[in-house]
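Student: Below is the structure I would like to discuss, written out as structure tokens.
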């Protein structure tokens, strides 16, 4: 059963001279060198790089949660991030599912529609929870859910508003490896092929290659993009692709760019 409605096309995301520093004078810390970046409408782009290189900062700037340094700008379609977020067309999933413990699973998902000033659609909420494997858990509170189930609920909460831009900041990082691999396969079809542009921040090179149409590789702080690599793997993606020559070659290439062999171990 379809869970999406007719909506505006996926937006292009454009970052122009986006840089970020914190502090002043001798305490000034440059997190991001000014960079230009474009995310194609409807694409899934993965951003990888070492800890502290500015991946999450860039995602937060695109979301409008942080401001770039003067002279930098972000546009989502024809709008600024704050306007898109205010309309409920931008959703973010973090490593911590951040479900409200006193609300049921369904009520946590419904909260996203309330905050986006959308009518709560209980039928769609039930359909979406069923799609993410949470049928029968609608009235259960987060403490009674496993880590993977909470993350599924958090993804459902993101998707219920039908965002045009989906930002994922290590969304599978807090679950065990087996659950992470299963979510890598089961959840992307919910937003792929829809009017959604997606940016995924991850430490896992194999996860980036498995999920993305394109992988951006960042250098250590101050962060800058050192490689922009297309992922020529057929969709829908399957676990067996992890063992293909094309997959392993790209994983090894990204690992070499980062210069840390063990960096590719997560998910390999």
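In my numbering, the protein residues as written are 82 to 349. The beta-carbon is built from N, C-alpha and C at its ideal position, and this holds for glycine as well.
#1: So what does DSSP say about residue 134, is it helix, strand or coil?
#2: Candidates 220, 251, 159: which alpha carbon is nearest residue 138's?
#3: Taking only the alpha-carbon atoms, compute the straight-line gap between residue 335 and residue 239 and give it to the nearest angstrom.
#4: So residue 103 is in the beta strand (DSSP E); what residue range does that whole segment cover?
#5: What does the alpha-carbon distance come out to for the pair residue 143 and residue 162?
#6: Who does residue 128 pair with in a DSSP beta bridge?
#7: Report, in whole angstroms, the separation of the C-beta atoms of residue 216 and residue 169, which I expect to be a contact under 8 Å.
#8: My understanding is that residue 125 touches residue 282, with C-beta atoms under 8 Å, so please give their C-beta distance in whole angstroms.
#9: Bridge partners of residue 157, per DSSP?
#10: Would you call the CB atoms of residue 388 and residue 213 closer than 8 Å?
#11: Pull the bridge partners of residue 119 from the DSSP assignment, please.
#12: Between residue 297 and residue 306, which are expected to be in contact by the criterion C-beta below 8 Å, what is the C-beta distance as a whole number of angstroms?
#13: So what does residue 311 bridge to, in DSSP terms?
#14: Hey, is the region 318-328 in contact with the region 254-273, meaning 3+ C-beta pairs nearer than 8 Å?
#15: Ignore the nearest five residues each way along the sequence and tell me which others in residue 191's own chain have a CB closer than 8 Å to its CB.
Tutor: So, to answer that:
#1: Correct three-state label for residue 134: coil.
#2: When 220, 251, 159 are compared, the shortest CA-CA separation from residue 138 is found for 251.
#3: 29 Å
#4: 94-103
#5: 7 Å
#6: Its beta-bridge partners are 282, 297.
#7: Not confirmed; about 25 Å, so no contact.
#8: Rounded, the Cβ-Cβ distance is 12 Å, inconsistent with contact.
#9: 94, 160
#10: As displayed, the chain neither begins before 82 nor continues past 349, which places residue 388 out of reach and without an answer.
#11: Per DSSP, 95.
#12: The Cβ separation is near 5 Å, so the contact holds.
#13: 295
#14: yes
#15: 201, 203, 206, 241
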